[in-house]
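> Numbering (this note's numbering), first residue to last: 501 to 861.
Don't be surprised by glycine CBs; every beta carbon is placed ideally from N, CA and C.
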Amino acid sequence: MDIVTKSVKVDVIVVGGGPAGVASVRTLTAGGARVALIEKTRFPRSKPCAGGLSAGAVRLLDYDFTTVVREKVNELRLSYKDKKPVIIKAEEPIALMTKRAEFDSLGIEAALSTECQYFVLPEISGIELRRDAVELIYPGLRIKGNYLVAADGAGSTIRRLISGRPKGAFGVAIEADVDANEVNTQEIRTKVDFGFSPGGYGWVFPKGDHYNVGLYSWNSRHSRFVNRPALKQYAQISLGEVNLSDIRGFPIAISCSKKSMGSGRVLFVGDAGGFTYASSGEGIYGAILTGQLAAKSVLIGGDVVNNYRATSSRYLRRCGLNRAFSRLIYPTLGVSYPLFAARLNSQAMRASMSLVDSEKR
Ligand SMILES: Cc1cc2nc3c(=O)[nH]c(=O)nc-3n(C[C@H](O)[C@H](O)[C@H](O)COP(=O)(O)OP(=O)(O)OC[C@H]3O[C@@H](n4cnc5c(N)ncnc54)[C@H](O)[C@@H]3O)c2cc1C
Numbered sequence: 501m502d503i504v505t506k507s508v509k510v511d512v513i514v515v516g517g518g519p520a521g522v523a524s525v526r527t528l529t530a531g532g533a534r535v536a537l538i539e540k541t542r543f544p545r546s547k548p549c550a551g552g553l554s555a556g557a558v559r560l561l562d563y564d565f566t567t568v569v570r571e572k573v574n575e576l577r578l579s580y581k582d583k584k585p586v587i588i589k590a591e592e593p594i595a596l597m598t599k600r601a602e603f604d605s606l607g608i609e610a611a612l613s614t615e616c617q618y619f620v621l622p623e624i625s626g627i628e629l630r631r632d633a634v635e636l637i638y639p640g641l642r643i644k645g646n647y648l649v650a651a652d653g654a655g656s657t658i659r660r661l662i663s664g665r666p667k668g669a670f671g672v673a674i675e676a677d678v679d680a681n682e683v684n685t686q687e688i689r690t691k692v693d694f695g696f697s698p699g700g701y702g703w704v705f706p707k708g709d710h711y712n713v714g715l716y717s718w719n720s721r722h723s724r725f726v727n728r729p730a731l732k733q734y735a736q737i738s739l740g741e742v743n744l745s746d747i748r749g750f751p752i753a754i755s756c757s758k759k760s761m762g763s764g765r766v767l768f769v770g771d772a773g774g775f776t777y778a779s780s781g782e783g784i785y786g787a788i789l790t791g792q793l794a795a796k797s798v799l800i801g802g803d804v805v806n807n808y809r810a811t812s813s814r815y816l817r818r819c820g821l822n823r824a825f826s827r828l829i830y831p832t833l834g835v836s837y838p839l840f841a842a843r844l845n846s847q848a849m850r851a852s853m854s855l856v857d858s859e860k861r
């Protein structure tokens, strides 16, 4: 018996409904493109992420997300191995704290408020790359587009299907939640502690009814230090005797390379393209930015990968420099920490000002 295969034809297929995919869908549909958004998970779904939004990310978001902001951070304690504290205090927020399950559900709603077609589908069975189109194959369904935007995260299936393996450089992070009732009220509730994990830092981010606590290293060679026992130890040092729930680890894609941005009719955005700042692991900004830039490049037409490389060149440079900076700064942090903290302090002050400006828009 023949299995009937349905087919759908659109201008652009977007795979992945995280911040990068949502940004692409919104920009593409605003430009008049017919879009199919494909997700493999039903929302709400959780995503390992501390959910901190920087001023840059806030500036780029083109829908109202204020309902999912759990805390505004005006005070931050920096330290090195829990010593040499530097307190950053700003009248206006330095960052906004969200819970990714809530932020991403709102994102999907924002994407679905456009004219896009939405599909929740199991893993892709195959991909056909043609001179004039890209086709994704699912059991009983083929989706064809003139272009494909791969926004399917750090372990990108699209990249694996095209190049045979996930490519690029990765950082590592592990995180958990702590019930706020278990924590003695502290004056400064947002903390970043460098040197606890090699090549990175530990963090405590407040989220209203809970805290998110985690460890990050920009270099996956240090993954043996970014594990459950280390996280428990860090949580104990920074929050006291607390129970950790929902412990989860995840790679962070930091390659930021021109080469991995796409080829032919396929563009990689967000974590699928490796667009996270290596020094901090901040990826939501890069995801939204590259999602929007890739979409604009498709709308321009012609050699879309070249358009994308050209319009992203500033971010690529910054992201690349940030990786070089991480390579340089983290091994020397034992001596350079005071200077580093002063630099972060002035950056945070500038960020807090621009966050206010963008909130006022
Ligand atoms: C522990 C941790 C803490 C972090 N904290 C922060 C932070 O505080 N601030 C910050 O800015 N960044 C942070 N990051 C980085 C940030 O989470 C990512 O950079 C960001 O989520 C990238 O967005 P994205 O849309 O590219 O990918 P994702 O958010 O990973 O979204 C990818 C989407 O694609 C879907 N998908 C995957 N495969 C398929 C498939 N085959 N078919 C269809 N759909 C698919 C997934 O279900 C998912 O919805 C953190 C990362 C980690 C691991």
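(1) Cα-Cα, which of E602, F768 and G781 is closest to N806?
(2) If I measure Cβ to Cβ from A654 and keep anything under 6 angstroms in the same chain, skipping five residues before and after, which residues do I get?
(3) For A848, which residues of its own chain have a beta-carbon under 7 angstroms away from its beta-carbon, when the five flanking residues on both sides are left out?
(4) Taking 8 angstroms as the threshold (C-beta atoms), are G774 and Y716 in contact?
(5) Using a Cβ-Cβ cutoff of less than 6 angstroms, which residues in the same chain neighbour S858 once the five nearest sequence positions on both sides are dropped?
(6) State buried or exposed for Q792, treating a residue as buried only when at least 16 other CB atoms are found within 10 Å of its CB.
(7) Taking 7 angstroms as the line, does the beta carbon of T541 fall inside it for any heavy atom of ligand 1?
(8) Mind checking whether the beta-carbon of P698 lies closer than 7 angstroms to any heavy atom of ligand 1?
(9) Are V683 and Y711 close, meaning C-beta to C-beta below 8 angstroms?
(10) Looking at G551 and ligand 1, is the gap between the Cβ and the nearest heavy atom below 7 angstroms?
(11) Give a yes or no on contact between the stretch 611–628 and the stretch 511–525, applying the rule of three or more CB pairs nearer than 8 angstroms.
(12) Should F543 and S605 be called a contact, given that it needs their Cβ atoms to be closer than 8 angstroms?
(13) CB-CB under 7 angstroms to L561, same chain, minus the five flanking residues each way: which ones, in chain order?
(14) As an exercise, report each continuous beta strand (DSSP E) stretch of at least 3 residues that is fully enclosed by the stretch 588–645, in chain order.
(15) So, at 8 angstroms on beta carbons, what are the nonlocal neighbours of G922 in its own chain, with the 5 sequence-adjacent residues on each side left out?
(16) Quick one: what's got a C-beta closer than 8 angstroms to G640's C-beta in the same chain, skipping five residues either side?
(17) Taking three-plus beta-carbon pairs below 8 angstroms as touching, is the stretch 565–582 in contact with the stretch 623–633?
(18) Beta strand (DSSP E) containing R534: first to last residue?
(19) Which of the three DSSP states is assigned to N806 in this structure?
(20) Measuring only the C-alpha atoms, how far is N727 from Q733?
The answer reads as follows:
(1) Residue 806 sits at position 306 when you count from the first residue of the sequence shown. Considering only E602, F768 and G781, the residue with the shortest C-alpha distance to N806 is F768.
(2) Looking up residue 654 in the sequence shown gives position 154. Closer than 6 angstroms at the Cβ level, and outside the excluded window around A654, lie P751, A753 and D771.
(3) Walking along the sequence shown from the start, residue 848 turns up at place 348. For A848, where only same-chain residues beyond five positions count, the Cβ hits under 7 angstroms are L576, I588, A590 and I594.
(4) Translated into the one-based positions of the sequence shown, residue 716 becomes position 216. Translated into the one-based positions of the sequence shown, residue 774 becomes position 274. At the C-beta level, Y716 and G774 stay beyond 8 angstroms of one another.
(5) The residue you call residue 858 lines up with position 358 of the sequence shown. Caution is warranted here: a pLDDT of 47 is assigned to S858, below 50, making its placement in the model unreliable, and the coordinate value is therefore given only provisionally. V558 and R559, listed in sequence order.
(6) Counting from 1 along the sequence shown, the entry for residue 792 is found at position 292. Buried, since its Cβ has 16 or more Cβ neighbours within 10 Å.
(7) Working through the sequence shown from its first residue, we reach residue 541 at position 41. Placement of the Cβ of T541 at a distance of less than 7 angstroms from at least one heavy atom of ligand 1 is found.
(8) Stepping through the sequence shown from its first residue, residue 698 is reached at position 198. Result no, Cβ not under 7 angstroms from ligand 1.
(9) Here residue 683 refers to the residue found at position 183 when the sequence shown is read from its first residue. Here residue 711 refers to the residue found at position 211 when the sequence shown is read from its first residue. Yes, the Cβ-Cβ distance between V683 and Y711 is below 8 angstroms.
(10) Numbered from 1 along the sequence shown, position 51 holds the residue referred to as residue 551. At least one heavy atom of ligand 1 is nearer than 7 angstroms to the Cβ of G551, so yes.
(11) Touching, yes, given that three or more Cβ pairs across the two stretches are closer than 8 angstroms.
(12) Residue 543 sits at position 43 when you count from the first residue of the sequence shown. Residue 605 sits at position 105 when you count from the first residue of the sequence shown. Against a cut-off of 8 angstroms, the Cβ pair of S605 and F543 comes out as a contact.
(13) Translated into the one-based positions of the sequence shown, residue 561 becomes position 61. The residues are I788.
(14) Unbroken beta strand (DSSP E) runs of no fewer than 3 residues, entirely contained in the stretch 588–645, are found at 595–598, 617–620, 626–629 and 634–638, following chain order.
(15) As shown, the chain starts at 501 and ends at 861. That puts residue 922 outside it, with no answer to give.
(16) For the purposes of this step, residue 640 is taken as the residue at position 140 of the sequence shown. Closer than 8 angstroms at Cβ, skipping near neighbours: I503, V504, T505 and K506.
(17) As far as the Cβ criterion goes, the stretch 565–582 does not touch the stretch 623–633, which means the pair count is below three.
(18) Position 34 of the sequence shown holds residue 534. Where R534 is concerned, there is no enclosing beta strand (DSSP E), given that its DSSP letter is neither H nor E.
(19) As a working note, residue 806 is residue 306 in the sequence shown. Annotated three-state conformation of N806 is helix, per DSSP.
(20) Taking the first residue of the sequence shown as position 1, residue 727 is located at position 227. Taking the first residue of the sequence shown as position 1, residue 733 is located at position 233. Going from the Cα of N727 to the Cα of Q733 covers about 10 angstroms.
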